[in-house]
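All remarks here apply to the structure that follows.
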Amino acid sequence: MRTFKQSCHAACLALATVLLLASGSAYGQGEPETLPDWSGVWQMIGGTVFDRATVEGEGGATTPGLREHPPYNDEWEAIYERNLALRDQGLFPDPLSNCGLPIGFPRIMNVPDVYEFAVTPKQVWILTENGPNILRIFTDGRDLPAPEDRWPTFNGVSVGQWEGDTLVFRTVSAKGSMDGDAIIDRTGLVLSNQLEAITRMRKIDDELIEAQMTIEDPAALTAPWQVTKQYRKLPEGTFVYDYACAENNRNPVDRETGRTLTLGPNGEVLGETN
Amino acid sequence: MNTSPNSTHFIDLAAVGLVLASLAMAPAAQPAFGHHAGAAWDREQVQELQGTIKEFQFTNPHTWIQLNVENADGTVEEWSIEWGSPNSLSRRGIRPSTFPPGVEATMRINPMKSGDKAGGFVGAKFGDGTVVGRWED
């Protein structure tokens, strides 16, 4: 028969455990006592030109003449210039235009429509309505997989930790332009599958989340490339909708020419002779 | 160090997990955005069309208004007018019912450079004066 002291001890231990669990304290190494509240629906500020700090020219990513200035080496500057020339002719193919591929990192930080940032104790999920796409950032204290245990994928692998209210994560093993699968924006920005990035994300205030990326790519860049993206909170109650690219895609890319086609109401290609 | 989430976070995880499960089951629906680079449209030109709405395709990745336009000789031609994604338009108050089939409207478009019967949506005006999109008299 248990004594009162034993019963009290067990009950008190159970109560202490419940209180500890309920307190939400100490989720993992380096994490704050209370995870930041990034709830709500957010929209990237500005158009889809990835690096607005180095942009040259007026307009959007598809406007002829507009370009950015990553610290490309000569070889990749030449690749970018070829892409820009194709863009100016309307012949730079966006892999997304045929529906079916993830957008890839770092472009996932650069999409229209809306974002959600789901902060959970062991992972942060960046969810984009467009696509939809998911970037998983593991914050449970794990290390990156060993090099032999990872391979190039669209979003690569992201592992990070909390430094106060700032999420700091490293992304490796993204495909880049390997296989022609992923671009960064429609000016023709691309990187190799050797790209790696450190991203620092934090909530500046109730209306603004900022992501500062430092991207390195020994194959394509001569120096770290720093790009900042910001996301503005939309009104409470904003809905996030289904997004089904293949539902009614009347703008597929012609893989032979790179031209984005326009399909008529019966699926016929318009402007073929243009 | 306690690494266990509290019950509230379990609920959050379950809820978000359901969302992710839903995304995973979405039909072959991966990306694509701002699909049309707009290279096909002549942004310097605005063409006005008068016609009868055949259909408003309120679908991803872009919406399309199908407009039947009657020519002077009585023949009817179907025009395809592209607009934004239903997701972004819906947050601006646009609904599938914004362009009801059978209703007459005047539409302004950036016409296709090739001269085909298609263009990018600029604005529309209905008989009662209601305007959708950009319309400057």
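These protein sequence lines are chains A and B, in that order.
Positions -18 to 255 (the numbering used here) are the ones given, in order, by the first sequence.
Positions 56 to 192 (the numbering used here) are the ones given, in order, by the second sequence.
Using N, Cα and C, we set each Cβ at its ideal position, and we do this for glycine too.
Per the C-alpha coordinates, the member of Glu132(B), Glu159(B), Thr118(B) positioned closest to Phe176(B) is Thr118(B).
Around the beta carbon of Trp143(A), a 10 Å sphere encloses 16 or more other beta carbons of the protein chains shown; the residue is thus reported as buried. With a minimum length of 4 residues, the unbroken runs of alpha helix (DSSP H) contained wholly in the region 53 to 104 of chain A fall at 55 to 69.
Leu16(A) and Lys214(A) have their C-alpha atoms spaced approximately 18 Å apart.
Within chain B, no C-beta atom comes less than 7 Å from the C-beta of Arg183(A); the nearest is roughly 20 Å away. Minimum Cα-Cα distance from Leu82(A) among the listed residues Asn114(A), Gly46(A), Arg240(A), Asn91(A) corresponds to Asn114(A). The region 62 to 71 of chain A makes no contact with the region 219 to 236 of chain A; the number of CB pairs closer than 8 Å stays below 3. In summary, the residues of the region 165 to 185 of chain B whose CB is separated from some CB of chain A by less than 7 Å are Met167, Lys168, Ser169, Asp171, Ala173, in the order they occur in the chain. For the 8 Å CB-CB criterion, Asn115(B) and Asn229(A) form a contact.
Rounded to whole angstroms, the Cβ separation of Glu58(A) and Leu170(A) is 11 Å, and the two are not in contact under 8 Å. Assigned with DSSP and collapsed to three states, Asp160(A) falls in helix. Taking one beta carbon from each stretch, the region 160 to 175 of chain B and the region 126 to 143 of chain B have 3 or more pairs nearer than 8 Å; the two touch. With a beta-carbon spacing of about 16 Å, Phe150(A) and Thr109(A) fall beyond the 8 Å limit used to define contacts.
With its beta carbon at least 8 Å from every one in chain B, Gly248(A) lies outside the interface. Residue range 141 to 145 is occupied by the alpha helix (DSSP H) that includes Asn142(B). A contact is defined here as three or more CB-CB pairs under 8 Å, and the region 197 to 211 of chain A fails this definition with respect to the region 229 to 242 of chain A. Under a criterion of Cβ atoms nearer than 7 Å, no residue of chain A is adjacent to Gln102(B); the nearest Cβ is some 15 Å distant. Residue range 177 to 186 is occupied by the beta strand (DSSP E) that includes Asp186(A). Under DSSP, Gln24(A) forms a beta bridge with Arg213(A).
DSSP places Arg167(A) outside both helix and strand once states are collapsed to three, so it counts as coil. Taking a cut-off of 8 Å on C-beta distances, the region 237 to 245 of chain A does not touch the region 120 to 127 of chain B, as fewer than three cross pairs fall below it.
Across the region 115 to 126 of chain B, CB contacts with chain A closer than 8 Å involve Asn115, Pro116, His117, Trp119, Gln121, in sequence order along the chain. Of all residues in the region 145 to 156 of chain B, those with a C-beta nearer than 8 Å to a C-beta of chain A are Ser145, Arg146, reading in chain order. With contacts defined by Cβ atoms closer than 8 Å, Gly178(B) and Arg189(B) form a contacting pair. Straight-line measurement puts the Cα of Glu110(B) at about 19 Å from the Cα of Val250(A).
Apart from the 5 residues on each side of it in sequence, Pro151(B) sits with its Cβ closer than 7 Å to the Cβ of Phe111, Phe113 in its chain, given in chain order.
Here the region 154 to 174 of chain A makes no contact with the region 186 to 194 of chain A; the two share fewer than three CB pairs at distances below 8 Å. A Cβ-Cβ contact shorter than 8 Å links Phe86(A) with Ala155(A). Sequence-distant Cβ neighbours of Ser173(A) in its own chain, meaning closer than 6 Å and more than five residues away, are Gly157, Asp198, Ala200, Ala201.
With contacts defined as CB atoms closer than 8 Å, Val153(A) and Leu125(A) qualify as a contacting pair. Its Cα nearest to that of Met159(A), the residue Asn136(A) stands out among Asp186(A), Gly145(A), Asn136(A). Membership of Lys109(B) in the beta strand (DSSP E) is indicated by the continuous run 102 to 112. Collapsing the DSSP output to three states places Ser139(A) in a strand.
With its beta carbon at least 8 Å from every one in chain A, Ala160(B) lies outside the interface. Taken in chain order, the members of the region 125 to 144 of chain B whose beta-carbon sits within less than 8 Å of a beta-carbon on chain A are Glu133, Ser135, Glu137, Ser140, Pro141, Asn142, Ser143. Counted as a single uninterrupted DSSP element, the beta strand (DSSP E) harbouring Pro166(B) occupies residues 159 to 166.
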